Amino acid sequence: VLASASSSDREFEAFYFRKNIDPISDPHSDIHFNGVNLLNGGFPINFDGRRHSVPANLIQLTRALLVCGVMQGLSDETLSTEMVPLDLELQREVVSKFFEFCGTDYRKIVKNPSYDMLIQDKIPQLAYA
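Heads up, the sequence shown is in the working numbering, so the first residue is 4 and it goes up one at a time.
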(Lines of atoms letter the chains of each structure in order from A and count residues from 1; the text may use other names and numbers.)
(Lines give C-alpha, C1' and ligand atoms only; values in the text may rest on other atoms or scores of the structure.)
Protein backbone atom coordinates (compact mmCIF):
# COMPACT_ATOMS: atom_id res chain seq x y z
CA VAL A 1 0.00 0.00 0.00
CA LEU A 2 1.39 3.38 -1.04
CA ALA A 3 -0.06 6.69 0.14
CA SER A 4 1.21 10.17 -0.66
CA ALA A 5 1.29 12.73 2.12
CA SER A 6 2.97 15.56 0.24
CA SER A 7 1.71 18.30 -2.03
CA SER A 8 1.91 16.35 -5.29
CA ASP A 9 1.73 12.85 -6.77
CA ARG A 10 5.43 12.35 -7.52
CA GLU A 11 6.76 10.06 -4.78
CA PHE A 12 5.58 6.88 -6.43
CA GLU A 13 5.61 7.82 -10.12
CA ALA A 14 1.83 7.61 -10.06
CA PHE A 15 1.76 8.45 -13.76
CA TYR A 16 3.41 5.07 -14.43
CA PHE A 17 0.63 3.31 -12.52
CA ARG A 18 -2.12 5.31 -14.22
CA LYS A 19 -0.83 4.72 -17.74
CA ASN A 20 -0.64 0.96 -17.15
CA ILE A 21 -4.25 0.43 -16.10
CA ASP A 22 -7.56 0.76 -17.90
CA PRO A 23 -8.82 4.36 -17.95
CA ILE A 24 -10.77 5.35 -14.84
CA SER A 25 -13.40 8.06 -14.52
CA ASP A 26 -12.34 9.23 -11.06
CA PRO A 27 -8.65 10.27 -10.85
CA HIS A 28 -8.86 9.86 -7.07
CA SER A 29 -9.74 6.16 -7.24
CA ASP A 30 -7.33 3.73 -5.63
CA ILE A 31 -5.13 2.01 -8.21
CA HIS A 32 -4.31 -1.70 -8.00
CA PHE A 33 -1.43 -2.73 -10.28
CA ASN A 34 1.14 -5.54 -10.02
CA GLY A 35 0.33 -6.22 -6.37
CA VAL A 36 0.61 -2.56 -5.37
CA ASN A 37 -2.28 -0.52 -4.01
CA LEU A 38 -1.81 3.18 -4.72
CA LEU A 39 -4.29 5.14 -2.61
CA ASN A 40 -6.20 8.14 -4.01
CA GLY A 41 -4.73 7.64 -7.48
CA GLY A 42 -1.32 8.67 -6.14
CA PHE A 43 -2.51 12.10 -5.13
CA PRO A 44 -2.00 13.19 -1.51
CA ILE A 45 -4.46 11.30 0.65
CA ASN A 46 -5.87 14.52 2.11
CA PHE A 47 -6.65 15.78 -1.42
CA ASP A 48 -10.03 14.30 -2.20
CA GLY A 49 -10.99 16.37 -5.22
CA ARG A 50 -13.21 18.74 -3.26
CA ARG A 51 -12.52 22.45 -3.44
CA HIS A 52 -11.81 22.56 0.30
CA SER A 53 -10.49 19.23 1.54
CA VAL A 54 -9.37 20.70 4.87
CA PRO A 55 -11.82 22.50 7.19
CA ALA A 56 -11.40 26.29 7.05
CA ASN A 57 -10.48 26.64 10.71
CA LEU A 58 -7.57 24.21 10.23
CA ILE A 59 -6.12 25.77 7.06
CA GLN A 60 -6.50 29.50 7.76
CA LEU A 61 -3.04 29.92 9.28
CA THR A 62 -1.44 28.32 6.21
CA ARG A 63 -3.50 30.50 3.88
CA ALA A 64 -2.65 33.65 5.83
CA LEU A 65 1.07 32.89 5.66
CA LEU A 66 0.79 32.19 1.92
CA VAL A 67 -0.86 35.59 1.42
CA CYS A 68 1.96 37.18 3.44
CA GLY A 69 4.47 35.51 1.14
CA VAL A 70 2.69 36.84 -1.94
CA MET A 71 2.52 40.35 -0.46
CA GLN A 72 6.18 40.24 0.52
CA GLY A 73 7.15 38.99 -2.93
CA LEU A 74 5.18 41.73 -4.66
CA SER A 75 6.81 44.43 -2.54
CA ASP A 76 10.37 43.08 -3.00
CA GLU A 77 12.07 45.13 -5.71
CA THR A 78 15.27 43.04 -5.77
CA LEU A 79 13.66 40.23 -7.80
CA SER A 80 15.93 37.69 -6.15
CA THR A 81 16.12 34.22 -7.67
CA GLU A 82 17.07 32.79 -4.28
CA MET A 83 14.68 31.62 -1.58
CA VAL A 84 13.68 34.59 0.52
CA PRO A 85 12.71 33.99 4.16
CA LEU A 86 9.25 35.20 5.06
CA ASP A 87 9.54 38.22 7.33
CA LEU A 88 9.84 36.92 10.89
CA GLU A 89 7.89 39.75 12.51
CA LEU A 90 5.06 39.30 10.04
CA GLN A 91 4.99 35.57 10.79
CA ARG A 92 4.85 36.21 14.52
CA GLU A 93 2.04 38.72 14.07
CA VAL A 94 -0.01 36.36 11.88
CA VAL A 95 0.52 33.39 14.22
CA SER A 96 -0.35 35.53 17.24
CA LYS A 97 -3.53 36.84 15.59
CA PHE A 98 -4.47 33.33 14.51
CA PHE A 99 -4.34 32.04 18.07
CA GLU A 100 -6.03 35.18 19.39
CA PHE A 101 -8.87 34.67 16.91
CA CYS A 102 -9.11 30.95 17.73
CA GLY A 103 -9.12 31.70 21.43
CA THR A 104 -6.43 29.08 21.93
CA ASP A 105 -3.02 29.31 23.52
CA TYR A 106 -0.53 27.55 21.23
CA ARG A 107 1.04 25.84 24.28
CA LYS A 108 -2.23 23.94 24.75
CA ILE A 109 -2.10 22.74 21.16
CA VAL A 110 1.45 21.43 21.01
CA LYS A 111 1.75 20.46 24.69
CA ASN A 112 5.46 21.22 24.59
CA PRO A 113 6.94 24.03 26.71
CA SER A 114 9.93 24.30 24.38
CA TYR A 115 7.58 25.43 21.58
CA ASP A 116 8.33 29.03 22.58
CA MET A 117 11.86 28.44 21.30
CA LEU A 118 10.47 27.18 18.00
CA ILE A 119 8.36 30.30 17.60
CA GLN A 120 11.31 32.55 18.48
CA ASP A 121 14.20 30.78 16.80
CA LYS A 122 13.03 28.37 14.10
CA ILE A 123 10.28 30.11 12.16
CA PRO A 124 12.71 31.82 9.75
CA GLN A 125 13.88 28.37 8.66
CA LEU A 126 10.35 27.06 8.13
CA ALA A 127 8.57 29.63 5.98
CA TYR A 128 9.79 31.13 2.74
CA ALA A 129 8.15 33.58 0.37
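Beta carbons: idealized from backbone N, C-alpha and C, even for Gly.
All values derive from a computational prediction rather than experimental measurement.
Nearest candidate by alpha-carbon position, reference residue i, set the options
i      : options                        : result
Val87  : Gly76, Phe101, Phe36 and Gln63 : Gly76
Tyr19  : Ala8, Val39 and Glu92          : Val39
Ala8   : Ile48, Asp90 and Asn37         : Ile48
Glu3   : Ile24, Asp25, Lys22 and Gln63  : The first residue shown for the chain is 4 and the last is 132, placing residue 3 beyond what the model contains.
Cys105 : Leu61, Leu69 and Thr84         : Leu61
Enclosing beta strand (DSSP E) for residue i [first to last residue]
i     : result
Phe36 : Ile34 to Phe36
Leu41 : Val39 to Leu41
Span of the alpha helix (DSSP H) around residue i
i     : result
Val97 : Leu91 to Cys105
Leu70 : One detail in the question is off: residue 70 reads as Val in this sequence, not Leu. Start and end: Ala59 to Ser78.
Ala17 : Ala17 to Lys22
Close beta carbons around residue i, own chain, < 6 Å, minus the five adjacent residues each side
i    : result
Leu5 : Phe15 and Leu41
7 Å CB neighbourhood of residue i in its chain, flanking five on each side removed
i     : result
Ala67 : Val97 and Phe101
Same chain only: Cβ atoms within 8 Å of residue i, ignoring 5 sequence neighbours per side
i     : result
Cys71 : Leu89, Asp90, Leu93, Gln94, Val97 and Ala132
Cross-strand partners of residue i (DSSP beta bridge)
i     : result
Leu5  : Leu41
Pro47 : Ser7
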